[in-house]
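Scroll down for the structure; my scribbles are underneath it.
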Amino acid sequence: MAEKKDTPMTDRRPLIAGNWKMNCGAPADLALARAVASGASATSAELVVAPPFTLLAQAASELSGGPVALAAQNVHQEASGAYTGEVSASMLKAAGVQWVIIGHSERRQYFGETDDLVLAKTRAVFAAELKPMVCIGETLEERESGRTLEVVFKQLDAVAGALAEHEGVGVIAYEPVWAIGTGKVATPEQADEVHAAIRERLALTSGSLANNTRILYGGSVKPGNAVELMSCTNIDGALVGGASLNAEDFLAIATAAK
Ligand code: PGA
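So for the sequence shown, the numbering used here puts the first residue at 1; every next one is plus one.
Shown next as structure tokens:
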């Protein structure tokens with residue numbers, strides 16, 4: 001049985017994060033981040049952008065003191081050492097980053113990231129006093145075989161203890177893999193059902209963790225579907241891919257978050 005929730009859900013400030021993926025890597029592309037910052041006053045949502053690694057330090061200096069926070073799209077789980085090509089959480093911190101996206105389905109799918117690795121990365125991010133945005137979600141095959149919650153709970157359970165140690169700091173992004181970059185968006189009912197189940201599952205760790213953890217939706221979020229998605233009780237924001245590459249679209253999504 002889920003514990004009783006002890007604070008009202010309205011305490012969770014919406015968070016809208018833009019995952020640029022391997023796009024917009026020229027210094028001139030930081031105009032996108034600047035445009036987001038200049039439109040930020042139109043929304044009460046917390047705004048985060050995640051440019052490629054190579055732009056993070058410059059983005060940090062341009063966004064410093066402003067309304068838009070900065071995320072990295074990945075991190076290595078070790079603090080330092082002989083890991084050619086990798087970047088540690090403390091390096092991200094030094095570059096001026098506040099957030100790290102962890103366990104995105106593209107990392108799980110193309111780079112073999114397991115739940116254990118996602119946990120190790122989550123711990124590394126907390127250890128550097130950064131905030132993790134942990135992605136979970138089922139594939140189309142898993143959904144069609146009725147395994148959505150089984151898959152999502154397994155990914156969630158891997159990190160729930162670590163999130164509880166830093167309650168309210170980390171966020172979960174529920175991203176059905178079949179909805180990412182495909183234009184197929186989960187219906188608000190489909191999304192909210194899984195979000196509610198995730199929150200109940202977090203309540204098995206603690207009621208306050210369930211209440212204080214923001215659960216973002218991701219997967220083909222666009223200005224045209226954002227209002228409906230963001231009006232769902234258990235959806236606390238969005239992790240946006242494609243539409244985050246256009247400042248106007250990203251800000252329209254942010255404005256939809258109440
Ligand atoms: P999308 O990507 O909005 O392009 O579907 C979402 C994500 O991968 O985080």
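Even glycine gets a Cβ: it sits at the ideal position worked out from N, Cα and C. Predicted model only: the values in this text are computed from it and were never measured.
Close beta carbons around lysine 4, own chain, < 8 angstroms, minus the five adjacent residues each side
As a first step, residue 4 is located in the sequence shown; it is residue number 4 there, counting from the start. Reliability fails at lysine 4, whose pLDDT of 40 lies under 50, so the model's placement of it is uncertain and the value that follows must be treated cautiously. The answer, listed in chain order, is Gly207.
For the beta strand (DSSP E) containing asparagine 19, list its first residue and its last residue.
Taking the sequence shown and counting its residues from 1, the one referred to as residue 19 is at position 19. Residues 15-19.
In terms of residues, what are the limits of the alpha helix (DSSP H) holding alanine 252?
Here residue 252 refers to the residue found at position 252 of the sequence shown. Looking at the DSSP string, the run of the alpha helix (DSSP H) that includes alanine 252 is 247-256.
Check isoleucine 180 in the structure and name its three-state DSSP category.
For the purposes of this step, residue 180 is taken as the residue at position 180 of the sequence shown. It is coil, neither helix nor strand.
Shorter than 7 angstroms, the distance from the beta carbon of isoleucine 180 to the closest heavy atom of the ligand PGA, or not?
Taking the sequence shown and counting its residues from 1, the one referred to as residue 180 is at position 180. Under cutoff, so the answer is yes.
Between the region 97-105 and the region 65-74, do at least 3 Cβ pairs fall closer than 8 angstroms?
Yes, they touch.
Leucine 163 in three-state terms, based on DSSP:
Position 163 of the sequence shown, counting from 1, holds the residue named residue 163. DSSP places leucine 163 in helix when its eight states are reduced to three.
To which residues of the same chain is asparagine 246 closer than 6 angstroms at the C-beta, ignoring the five residues directly before and after it?
Mapped onto the sequence shown, residue 246 falls at position 246. Cβ neighbours of asparagine 246 within its own chain (closer than 6 angstroms, five residues either side excluded): none.
Mind checking whether the beta-carbon of glutamate 175 lies closer than 7 angstroms to any heavy atom of the ligand PGA?
In the sequence shown, residue 175 corresponds to position 175, counting from 1. Because some heavy atom of the ligand PGA lies under 7 angstroms away, the Cβ of glutamate 175 counts as near it: yes.
Just to check, is the beta-carbon of asparagine 19 closer than 7 angstroms to a non-hydrogen atom of the ligand PGA?
The residue given as residue 19 occupies position 19 in the sequence shown. Checking every heavy atom of the ligand PGA against the Cβ of asparagine 19, one is found closer than 7 angstroms.
Exposed or buried, which one is tyrosine 174 when buried takes at least 16 other CB atoms within 10 Å?
In the sequence shown, the residue the question calls residue 174 occupies position 174. It counts as buried.
Beta strand (DSSP E) segments (min. 3 residues) lying fully within the region 90-137:
Runs of the beta strand (DSSP E) spanning 3 or more residues and lying entirely within the region 90-137 occur at 99-102 and 131-136, in chain order.
Ranges of the alpha helix (DSSP H) found wholly within the region 20-77, counting only runs of at least 4:
Annotation note: the region 20-77 contains the following uninterrupted alpha helix (DSSP H) runs of length 4 or greater, listed N- to C-terminal: 30-39 and 53-63.
So, are the CB atoms of glycine 219 and alanine 179 less than 8 angstroms apart?
Here the question's residue 219 lines up with position 219 in the sequence shown. Here the question's residue 179 lines up with position 179 in the sequence shown. The criterion of a C-beta distance shorter than 8 angstroms is satisfied by glycine 219 and alanine 179.
Pick from Pro176, Val134 and Asp249: whose alpha carbon is nearest that of valine 159?
In the sequence shown, residue 159 corresponds to position 159, counting from 1. Ranking Pro176, Val134 and Asp249 by Cα distance to valine 159 puts Val134 first.
CB-CB under 8 angstroms to threonine 7, same chain, minus the five flanking residues each way: which ones, in chain order?
The residue you call residue 7 lines up with position 7 of the sequence shown. Note that threonine 7 scores 41 on pLDDT, short of 50, meaning its location in the model is unreliable; the coordinates nonetheless yield the value given after this. Closer than 8 angstroms at Cβ, skipping near neighbours: Ser208, Asn211 and Asn212.
Check whether the Cβ atoms of isoleucine 136 and glutamine 109 lie closer than 8 angstroms to each other.
Locating residue 136 in the sequence shown gives position 136, where the first residue counts as 1. Locating residue 109 in the sequence shown gives position 109, where the first residue counts as 1. The answer is no: Cβ separation not under 8 angstroms.
Below 8 angstroms, how does it come out for the region 158-172 and the region 80-89: are there three or more Cβ pairs, yes or no?
Per the Cβ contact rule, the region 158-172 is not in contact with the region 80-89 (fewer than 3 Cβ pairs under 8 angstroms).
Which residues mark the beginning and the end of the alpha helix (DSSP H) in which aspartate 198 is found?
Working through the sequence shown from its first residue, we reach residue 198 at position 198. What sits at residue 198 in the sequence shown is isoleucine, not aspartate. That run of the alpha helix (DSSP H) goes 188-205.
For aspartate 270 and alanine 94, I'd like the C-alpha separation in whole angstroms.
A query on residue 270 cannot be resolved here, the shown segment of the chain reaching from 1 to 258 and no further.
Hey, would you say the C-beta of cysteine 243 is under 7 angstroms away from at least one heavy atom of the ligand PGA?
On the sequence shown, position 243 is the one that residue 243 refers to. For the record, residue 243 in the displayed sequence is alanine; it is not cysteine. The closest heavy atom of the ligand PGA lies less than 7 angstroms from the beta carbon of alanine 243.
To which residues of the same chain is threonine 182 closer than 7 angstroms at the C-beta, ignoring the five residues directly before and after it?
The residue given as residue 182 occupies position 182 in the sequence shown. The beta carbon of threonine 182 sits closer than 7 angstroms to those of Ser220, all from its chain and outside the five residues before and after it, given in chain order.
Taking DSSP as the reference, what is the three-state secondary structure of alanine 79?
As a position in the sequence shown, residue 79 is number 79, starting the count at 1. Of the three classes helix, strand and coil, the one that applies to alanine 79 here is coil, per DSSP.
Would you call the region 60-72 and the region 110-123 in contact, with 3 or more CB pairs under 8 angstroms?
No: the two stretches stay apart, fewer than three of their Cβ pairs being nearer than 8 angstroms.
Considering only heavy atoms of the ligand PGA, does any lie closer than 7 angstroms to the CB of valine 260?
Look at the range of the chain in this structure, 1 to 258, and you will see that residue 260 is not part of it.
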